[in-house]
Amino acid sequence: MEKPFSMEEKKSRVFTVDKVRIENDTTHSLIMKEPMASEPGQFILIWIPGLGEKPFSVAGSNPLMITIADVGKVSGQIDRYQPGDRLWIRGPFGQGYQPYGKDALLVGGGYGASPLLYLAETLIKKGINVHVFLGARSANLLILVDEFEKIPVKLHITTNDGTRGIQGFVTVPLEETIQQLSDVQDACVYACGPKKMLYGIDALCERYGIPRQLSWEAIMRCGMGLCGNCKIEMPDTWEEPVNKPGSKKAWLVCKDGPTSFTK
Amino acid sequence: MEKPFSMEEKKSRVFTVDKVRIENDTTHSLIMKEPMASEPGQFILIWIPGLGEKPFSVAGSNPLMITIADVGKVSGQIDRYQPGDRLWIRGPFGQGYQPYGKDALLVGGGYGASPLLYLAETLIKKGINVHVFLGARSANLLILVDEFEKIPVKLHITTNDGTRGIQGFVTVPLEETIQQLSDVQDACVYACGPKKMLYGIDALCERYGIPRQLSWEAIMRCGMGLCGNCKIEMPDTWEEPVNKPGSKKAWLVCKDGPTSFTK
Amino acid sequence: MPDFSCRLSDQIHLKTPIILASGISGNSDSLLVRAAKSGAAAVTTKSCTLKYRPGTDNPASSDWGCGLITNLGLTNPGVDSMVYLINAYRQKAAESVVPVIANIYADNPDEFVELTTKIKLAQPDIIEFVLPEYDPGLVAEITAAVRVNAGLIPISVKLSAICSHIGKVARKAQDAGADFITAVNPVPGMVIDAYAAKPFLSQGSGWISGPSLKPIALKCISDIYKEVSIPIIGMGGVSSGLDMAEMILAGASAVGIGSALYYRGYEAFTKILVEFEEFMNSEGYNNLSEICGKIWR
Amino acid sequence: MPDFSCRLSDQIHLKTPIILASGISGNSDSLLVRAAKSGAAAVTTKSCTLKYRPGTDNPASSDWGCGLITNLGLTNPGVDSMVYLINAYRQKAAESVVPVIANIYADNPDEFVELTTKIKLAQPDIIEFVLPEYDPGLVAEITAAVRVNAGLIPISVKLSAICSHIGKVARKAQDAGADFITAVNPVPGMVIDAYAAKPFLSQGSGWISGPSLKPIALKCISDIYKEVSIPIIGMGGVSSGLDMAEMILAGASAVGIGSALYYRGYEAFTKILVEFEEFMNSEGYNNLSEICGKIWR
Ligand SMILES: Cc1cc2nc3c(=O)[nH]c(=O)nc-3n(C[C@H](O)[C@H](O)[C@H](O)COP(=O)(O)OP(=O)(O)OC[C@H]3O[C@@H](n4cnc5c(N)ncnc54)[C@H](O)[C@@H]3O)c2cc1C
Ligand SMILES: Cc1cc2nc3c(=O)[nH]c(=O)nc-3n(C[C@H](O)[C@H](O)[C@H](O)COP(=O)(O)OP(=O)(O)OC[C@H]3O[C@@H](n4cnc5c(N)ncnc54)[C@H](O)[C@@H]3O)c2cc1C
Ligand SMILES: Cc1cc2nc3c(=O)[nH]c(=O)nc-3n(C[C@H](O)[C@H](O)[C@H](O)COP(=O)(O)O)c2cc1C
Ligand SMILES: Cc1cc2nc3c(=O)[nH]c(=O)nc-3n(C[C@H](O)[C@H](O)[C@H](O)COP(=O)(O)O)c2cc1C
Ligand code: FES
Ligand code: FES
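Protein chains in written order, with UniProt numbering: chain A, 1 to 263; chain B, 1 to 263; chain C, 1 to 297; chain D, 1 to 297.
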């Protein structure tokens, strides 16, 4: 009988900031000197010794990149980091997005767009057709727009106040695009953003019968699938996998997720 | 910084006897059902639960084979084993023989011949020219003669009482063969047997300036290079490697050995 | 197939010997349901205290290579909410329900009396309690107090691997009325990040569980087995069917798993059981009592 | 290059902080010489008792995956031969000689007095002793007895990771006259072979050393550091330069290695030192006192 796990160290390692890119007033990206093998949709834990540790999406793996909105203690500290500064990072953790079908519809709300650039690049390499939908309350809260403009994707922008792109929610251009798809079964929506947006997108996708992969957030403590703190309930449309009985009402973002896949 | 070791389990595993081959009155070989990746000259530890654990040379690796002389508690118990019986084995441990030069002179005293058949096969595969010298007090104490006769080696047999082969010590035909070598520097003597025989062979080799690899025995306890129980002093001809200062007077059979290499 | 039914007492029969250990998912009724549906033969709630405890800051846990270290600071909603949670678990689990072990923790005998009285309202199948100290006198006093107040509910004393003379302490607990011994709680430890020149966990130190705890736990369980006649719920580093076999061979009647859910997910329950069954079959064992404590026979 | 010189006391200066732990090669003068020549800044002899002890049957040790388990049964030639052995070591080491720590073990204070008086004849640089129990009163009594009889030789009390309230016990030892604390001795454990349905070691149980011991040792050392003002010789699971850094950061003044000789051979001393130097350089540290106990500053 084989041992069911490998004795690798999963401790935090030191990473050094190489470049800082400002995305908007409150959001910036850190590009590290070191790479970290990972998939889009996975997350890492960043530790600031003496301050705390928080999860962030992988926004690029070679070198490792993260996009961070300054909202509090840890993110605020990271916000001040300059090239040469060090961070302690462990990971990657969780289930990433899986490339699926021939059309990909990527939806990002606010800093939820952070893993999508990395995802878009990965999908393009696989020959998948990529649409990107970025939504925010206002133009100054959008992120990564310039970066998406540099790669071969069809970009759709919405703001609630109409300061950039179409006025309204991302779901509007998303729905239009879904309607134009030749085969919804051979396409997939990939979304990342606030829970409310994810529920909305899930309902929309359900209506059109289109597969979707949603990336969820929750407050994490152990990050190891033990404490139960990151538990969320999945939407009713989400079918419970046979090998995970009971998970529908008790899905762990850190271990079952952060991405869910409904086909 | 990498971790300096891998967290693999080195615990005993269960092996099952497949075949038993009688070598002489007191010696027999056990051929297991399972293989064990190993090199000739390495040793394993055989545990008989409730009885004890002792080191034995690897006499074949695929499947694992061992050749055992019945001299006491553990070996006596193993002597009674039949196909289907189980043994607990860990290993391989230690430094094996390294193929060297174009002529190989293999010398076995008593059950010391046990790793030599496996060694001979390995050397032949590398295109090395193999001589085998088997010595024992009497014909009935020789082992593996039939097996050596089946493979392309030049076989020399000596017995102290002349009951088989040349009467006398193995060192006699060994010395003759050394004298006939075209280039002693491109040849190597590989010996396994009682300490006295090894000292003798070492002195002979030193006289002719021929490289030799000697396999030593000692009473082992930890088998891990910690307790110091298997410590022996190497002959004066043995030069201390620069990365092992002090080892000449304190060489660990379990870790530095069991084979030593003097060029 | 071997008979896996596990009779802990006249009242407590488990369908298999595998149990969800305390502290793993044990603050959520729906996660307890998930554990039950995933194959746990009994589930244990997180240690609860009289009042709500928010727990510690992150980092609160880490995989340091040979095992885990955690210090979540006894995060729990307090005993009143725990009673509610246990009832909710039973309701949601419906026909999947398995026995529930309610774990309580207090600093002193008086608090234990209050906790026992309160948790009893949920009618847990077993009340398990964690001791603040292993002074033999205190162990006896607390055990007796819980015993009296638990009424008909069986009680289990949970001992830590750092409890010295653990066999003797377990004996004290048995004499004071414990129905079972749960062992072990993890050992204290500290992971330091040399580059940060700081301990990794926010609290400095934590508790070591998982693979590196196993040989320590096996020693404890075998020491306890030699001293007591009540059943032992063994745990500490079990993550495979062979680990489970070793623990039962050392003297455990049932086996808890915790860290294994990190290594193998909720599937750990069925995976470990399948492996354990393979072992039982290959060795020709028919039931658990054949192997319980067998290393001593 | 950072300054590695390690001043344990006015009398004891080590050229680096790396020490050969007790029980590893410590029954052989020529192996102690080998350790000294391989880079040990001090060597410790195997625990010796009043009389010769043959030790246990094989199997006496194993690598169980996360660390080692050993129970060699205190094999040692007895104190009289140990005195001879220490002298032989000094003579054979000649100019490679490094300080020698003589480790003694007894069951009771009287025996400790006799052992101390005898081992003193070898004039070891430090007398280290292993306690039979961690009862604070006994710790104080034995320490005081050794202290009085050791004369001018500094003494170190070696504590085990299973010693509960280790900080307080270390404090007792300091108050009773200990010059150093050595910590830790390994934790008891048991490795079971499920197929054999037997413990693997001939003695049933043994002691767990190596990587899995490290976080436990770090916690002990930091607990001790907070309670005492005398230097700590830290050990337990150190096998790399980073491990060594962690142990010093936790409060050790010097670091012992044992199991690392299994993982990395006698080369462990220089390899660990080179790695430690890399760490010191990369972090810009200049000497040991800058990092000793730094996690608490
Ligand atoms: C799987 C996962 C991936 C994540 N990926 C990213 C990422 O790529 N980029 C990123 O910036 N963050 C990401 N987050 C969120 C991130 O982990 C932190 O929650 C966030 O940075 C706040 O931490 P803090 O210590 O700075 O704030 P805290 O001091 O903990 O909180 C400060 C205040 O901000 C509020 N707050 C906390 N989180 C959020 C939030 N997410 N949005 C708005 N307000 C909040 C709190 O309620 C509080 O009032 C991710 C979270 C998860 C679970
Ligand atoms: C590296 C190494 C490789 C070895 N390879 C082999 C091998 O391939 N085949 C093999 O049969 N043995 C081999 N041995 C020897 C083996 O390990 C045991 O020592 C031997 O089997 C005796 O164990 P026992 O428990 O049966 O005897 P015990 O009960 O321990 O001893 C019984 C009696 O036999 C004597 N005795 C012990 N060892 C020997 C010996 N080697 N020769 C003669 N008398 C002895 C003892 O002094 C004692 O009087 C090897 C030893 C080492 C160190
Ligand atoms: C994340 C986590 C939280 C725990 N919380 C508790 C707890 O609240 N009460 C308790 O008695 N034990 C708690 N434990 C200890 C476990 O119940 C168990 O005794 C220990 O982890 C050993 O088993 P394992 O190696 O299978 O994890 C916790 C363990 C972990 C890993
Ligand atoms: C094989 C072996 C034998 C030991 N013998 C002794 C001993 O006789 N006396 C003692 O105090 N410690 C002894 N120890 C404990 C070590 O000195 C040390 O405290 C422990 O192994 C932890 O360090 P490590 O993880 O570097 O091995 C022994 C350890 C090993 C591995
Ligand atoms: S954060 Fe603990 S289970 Fe997910
Ligand atoms: S047998 Fe212990 S060092 Fe070789």
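Note that beta-carbon positions come from the ideal geometry of N, C-alpha and C, so glycine has one too. As the structure is a prediction and not an experimental result, all values here were calculated from the model.
Heavy atom of ligand 5 within 6 Å of residue i beta-carbon
i	result
G26 of chain C	no
L252 of chain A	yes
D94 of chain A	Note that residue 94 of chain A is Gly in the sequence shown here, rather than Asp. No, ligand 5 has no heavy atom inside 6 Å of this Cβ.
Backbone secondary structure at residue i - three-state DSSP
i	result
R164 of chain B	coil
F200 of chain D	coil
K33 of chain B	coil
Q77 of chain A	helix
residue 305 of chain C	In the structure as shown, chain C begins at 1 and stops at 297. Residue 305 of chain C is therefore absent and cannot be evaluated.
W238 of chain A	coil
S138 of chain B	coil
G110 of chain B	helix
K255 of chain B	coil
F169 of chain A	coil
W64 of chain D	coil
Q42 of chain B	coil
L155 of chain B	strand
W216 of chain A	coil
G209 of chain B	coil
Check: residue i C-beta below 6 Å from any heavy atom of ligand 4
i	result
V187 of chain D	no
I257 of chain D	yes
T171 of chain A	no
N103 of chain D	yes
V157 of chain D	no
Rounded C-alpha distance that separates residue i from residue j
i	j	result
A170 of chain D	T26 of chain B	58 Å
Q98 of chain A	M235 of chain C	37 Å
R297 of chain C	S202 of chain D	15 Å
L197 of chain B	V79 of chain D	Inspection of the sequence shows that residue 197 of chain B is occupied by Met rather than by Leu. Approximately 36 Å between the Cα atoms of the pair.
K282 of chain C	K126 of chain B	What sits at residue 282 of chain C in the sequence shown is Ser, not Lys. Answer to the nearest angstrom: the Cα atoms are 41 Å apart.
P37 of chain A	M65 of chain B	The sequence given here has Ala at residue 37 of chain A, not Pro. Their Cα atoms are separated by approximately 43 Å.
P211 of chain B	A203 of chain B	11 Å
I104 of chain D	D110 of chain D	13 Å
K226 of chain C	S9 of chain C	19 Å
I162 of chain D	L131 of chain D	12 Å
D183 of chain A	K263 of chain A	13 Å
K231 of chain B	G265 of chain D	14 Å
D125 of chain D	N229 of chain B	25 Å
H165 of chain D	S47 of chain D	24 Å
Y52 of chain C	G73 of chain C	11 Å
Near ligand 3: residue i beta-carbon under 6 Å from a heavy atom
i	result
A183 of chain C	no
K255 of chain A	no
S22 of chain C	yes
Proximal chain G residues relative to residue i, where beta-carbon distance stays under 9 Å
i	result
F279 of chain D	Structure shown: chain G not included; protein chains present are A, B, C and D.
Heavy atom of ligand 6 within 6 Å of residue i beta-carbon
i	result
M220 of chain B	yes
E292 of chain C	Reading off the sequence, residue 292 of chain C comes out as Cys, not Glu. C292 of chain C Cβ: outside cutoff for every heavy atom of ligand 6.
**Prompt:** Pick out every residue whose C-beta is nearer than 5 Å to a heavy atom of ligand 2: which are they, in chain order?
**Reply:** So the residues near ligand 2 by this Cβ test are B:F43, B:K54, B:P55, B:F56, B:S57, B:I68, B:A69, B:V71, B:G72, B:K73, B:V74, B:S75, B:Y111, B:S114, B:E217, B:P258.
**Item:** Contact the region 232-244 of chain C vs the region 274-285 of chain C: 3+ CB pairs below 8 Å
**Value:** The region 232-244 of chain C vs the region 274-285 of chain C: in contact.
**Request:** Assess, as a yes-or-no matter, whether the region 93-112 of chain A is touched by the region 205-221 of chain C under the definition of 3 or more beta carbon pairs within less than 8 Å.
**Result:** No: fewer than three Cβ pairs fall under 8 Å.
**Message:** So, does the region 127-139 of chain A touch the region 150-159 of chain A, judging by three or more C-beta pairs under 8 Å?
**Reply:** Verdict: yes, contact present.
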